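Peer 1: Read in the numbering used here, the sequence shown has 55 at position 55, and its numbers run on one by one without any break. The C-beta atom is built at its ideal place from N, Cα and C for all residues, glycine as well. Bear in mind that the values here come from a model prediction, so they are computed numbers and not experimental data.
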Amino acid sequence: MGRAQVIKARRWVVKVGSSLLTNDGAGLDRALMALWVEQIHRLRTRGIEVVLVSSGAVSEGMKRLGWQTRPHALHEQQAAAAVGQMGLVQAYESCFQQHGLHTAQILLTHDDLADRQRYLNARSTLRTLLKLGVIPIVNENDTVAVEEIRFGDNDTLAGLVTNLIEAELLVMLTDQVGMFDCDPRSNPGAQFIHEAQAGDPKLETMASGGSSGRLGRGGMLTKVRAAERAARSGAVSVIASGRESDVLLQIADGKQLGTMIVPTQEPLVARKQWLASQLKLRGKLVLDNGAVKVLHASGSSLLAVGVTAVEGNFRRGEVVACVDTQGHEVARGLVNYSADEARKIKGQPSENIEALLGYVDEAELINRDNLVLIAS
Ligand code: GLU
Numbered sequence: 001m002g003r004a005q006v007i008k009a010r011r012w013v014v015k016v017g018s019s020l021l022t023n024d025g026a027g028l029d030r031a032l033m034a035l036w037v038e039q040i041h042r043l044r045t046r047g048i049e050v051v052l053v054s055s056g057a058v059s060e061g062m063k064r065l066g067w068q069t070r071p072h073a074l075h076e077q078q079a080a081a082a083v084g085q086m087g088l089v090q091a092y093e094s095c096f097q098q099h100g101l102h103t104a105q106i107l108l109t110h111d112d113l114a115d116r117q118r119y120l121n122a123r124s125t126l127r128t129l130l131k132l133g134v135i136p137i138v139n140e141n142d143t144v145a146v147e148e149i150r151f152g153d154n155d156t157l158a159g160l161v162t163n164l165i166e167a168e169l170l171v172m173l174t175d176q177v178g179m180f181d182c183d184p185r186s187n188p189g190a191q192f193i194h195e196a197q198a199g200d201p202k203l204e205t206m207a208s209g210g211s212s213g214r215l216g217r218g219g220m221l222t223k224v225r226a227a228e229r230a231a232r233s234g235a236v237s238v239i240a241s242g243r244e245s246d247v248l249l250q251i252a253d254g255k256q257l258g259t260m261i262v263p264t265q266e267p268l269v270a271r272k273q274w275l276a277s278q279l280k281l282r283g284k285l286v287l288d289n290g291a292v293k294v295l296h297a298s299g300s301s302l303l304a305v306g307v308t309a310v311e312g313n314f315r316r317g318e319v320v321a322c323v324d325t326q327g328h329e330v331a332r333g334l335v336n337y338s339a340d341e342a343r344k345i346k347g348q349p350s351e352n353i354e355a356l357l358g359y360v361d362e363a364e365l366i367n368r369d370n371l372v373l374i375a376s
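1. Reducing DSSP to helix, strand and coil, say where LEU357 ends up.
2. What is the rounded straight-line gap between the Cα of VAL134 and the Cα of MET206?
3. Less than 9 Å separating the beta-carbons of ILE239 and MET172?
4. What do you reckon, is the C-beta of VAL262 under 8 Å from a heavy atom of the ligand SAM?
5. For the ligand GLU, any of its heavy atoms closer than 8 Å to the Cβ of ASP112?
6. On the DSSP bridge list, what partners appear for THR259?
7. On a CA-only basis, which of GLU318, ASN23 and GLU38 is nearest LYS63? Give me that one, please.
8. By a C-beta neighbour count over all protein chains shown, 10 Å radius and 16 as the cutoff for buried, is ALA226 buried or exposed?
9. Within 10 angstroms of its Cβ, does GLY47 collect 16 or more other Cβ (buried), or is it exposed?
10. Less than 8 Å between the CB atoms is what I'm expecting for VAL13 and ALA167, so what's the real figure, rounded?
11. Where do the ends of the alpha helix (DSSP H) carrying ALA79 lie?
12. Quick one: is the Cβ of ASP386 within less than 8 Å of any heavy atom of the ligand GLU?
13. Quickly, what does DSSP pair ILE106 with across the bridge? List them, please.
14. From the DSSP output, which residues share a beta bridge with MET179?
15. I need the DSSP call for GLY299, collapsed to helix, strand or coil.
Okay, here's the thing in structure tokens:
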């Protein structure tokens, strides 16, 4: 099931770690970067959308500042990240430009993704960039957050981004070939794990046996946890060596490479359940009979025109119930407009939104991907 899902995947998150990218501290390995960029370009020509999550800012900053060893103080690591981020995006931009591809810098924190409003904003921006054919390059915003500097080397962030954009595949490129059942350096009989199920309790124990590189913060454990997180929204993860030739293309072709961690559930079911688990109701939209029928029949987005009343006091990105005229809940989802805005645009066709509010975020009140139907 895993490989078939990998071959079918049309939206990928590719995460590149510090030790790999900076050749364990020797500055950005531009030759290696050029090879991945070339492959990402080829994936794009096959119709695959790619978001790149890249570390390496602290390490590149250290090199630019002439620091031989990683400073202990977090604020110095943050300063190095701020310096190095410039070099990181510059290097990616010039590599992608050679293939006629535009790049965009996205700096995120975990808190951004926990806040519903910022979550929706980040989601819309990333989806728009993908639609425009741009390659978003994501890193943690190390100036204001230190989670990845301390623990994760962006592994967790990559898992969160996978959920955020509902990517079908998360590829974590590292300087190791994948995962063994115990540390291969101290156990010559260590077995390589080709495929594992997310949620398998043995996974984390096996991953704890490995070690992280000198520069990167994350080891196998944070990668396994990122894969578990990605699986919650239905994505398969592959942990593979970024030095393997044509690694991304080989993965796209379904070759057995690295360690694959597959979700236990069918992706669509997993995605809807993940969305449902996020849900804490903040308000209600009362739908007319036409809108209820359309939602049930085609699972389409909810438009303002089908809403007759708005209850509660919610903000953009919060969860609302959609009820029929009798008050029965038919769906719930993440709403694109606040309660006040929804009151102004209810019953109106989408093309009136701009005139009514003075701006337009999305044409829909709730996008179909953010909507879970409640079985009647
Ligand atoms: N966001 C950090 C970076 O890009 C994480 C990696 C690290 O701490 O080395 O450098």
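Peer 2: The structure says:
1. Counting from one through the sequence shown, the residue named residue 357 turns up at place 357. The answer is helix: DSSP assigns LEU357 an H, G or I state.
2. By one-based count along the sequence shown, residue 134 stands at place 134. By one-based count along the sequence shown, residue 206 stands at place 206. The straight-line gap separating the alpha-carbon atoms of VAL134 and MET206 is approximately 37 Å.
3. Taking the sequence shown and counting its residues from 1, the one referred to as residue 239 is at position 239. Taking the sequence shown and counting its residues from 1, the one referred to as residue 172 is at position 172. It is a contact, given that the beta carbons lie within the stated cut-off.
4. Of the ligands this structure carries, namely the ligand GLU, none is the ligand SAM.
5. Along the sequence shown, one-based indexing puts residue 112 at 112. Flag unset: Cβ of ASP112 not near the ligand GLU.
6. Within the sequence shown, residue 259 is the residue found at index 259, counting from 1. According to DSSP, THR259 bridges with ILE239.
7. Reading the sequence shown from its first residue, position 63 is the one you call residue 63. Closest by alpha carbon: ASN23.
8. Start at 1 with the first residue of the sequence shown, and residue 226 comes out as number 226. In the assembly as shown, ALA226 is a buried residue. Its beta-carbon has 16 or more other beta-carbons within 10 Å.
9. What you label residue 47 is simply residue 47 of the sequence shown in a count that begins at 1. With fewer than 16 Cβ atoms within 10 Å of its Cβ, GLY47 is classed as exposed.
10. What you label residue 13 is simply residue 13 of the sequence shown in a count that begins at 1. What you label residue 167 is simply residue 167 of the sequence shown in a count that begins at 1. Contact between VAL13 and ALA167 holds, with the beta-carbon distance rounding to 5 Å and staying under 8 Å.
11. Here residue 79 refers to the residue found at position 79 when the sequence shown is read from its first residue. First-last of the alpha helix (DSSP H) with ALA79: 74-97.
12. Any property of residue 386 remains undetermined from this structure, which presents the chain solely from 1 to 376.
13. Residue mapping note: residue 106 aligns to position 106 of the sequence shown, counting from 1. BP columns for ILE106 point to VAL138.
14. Counted from its first residue, the sequence shown places residue 179 at position 179. Per DSSP, ILE193.
15. Along the sequence shown, read from residue 1 onward, the residue named residue 299 stands at position 299. Correct three-state label for GLY299: coil.
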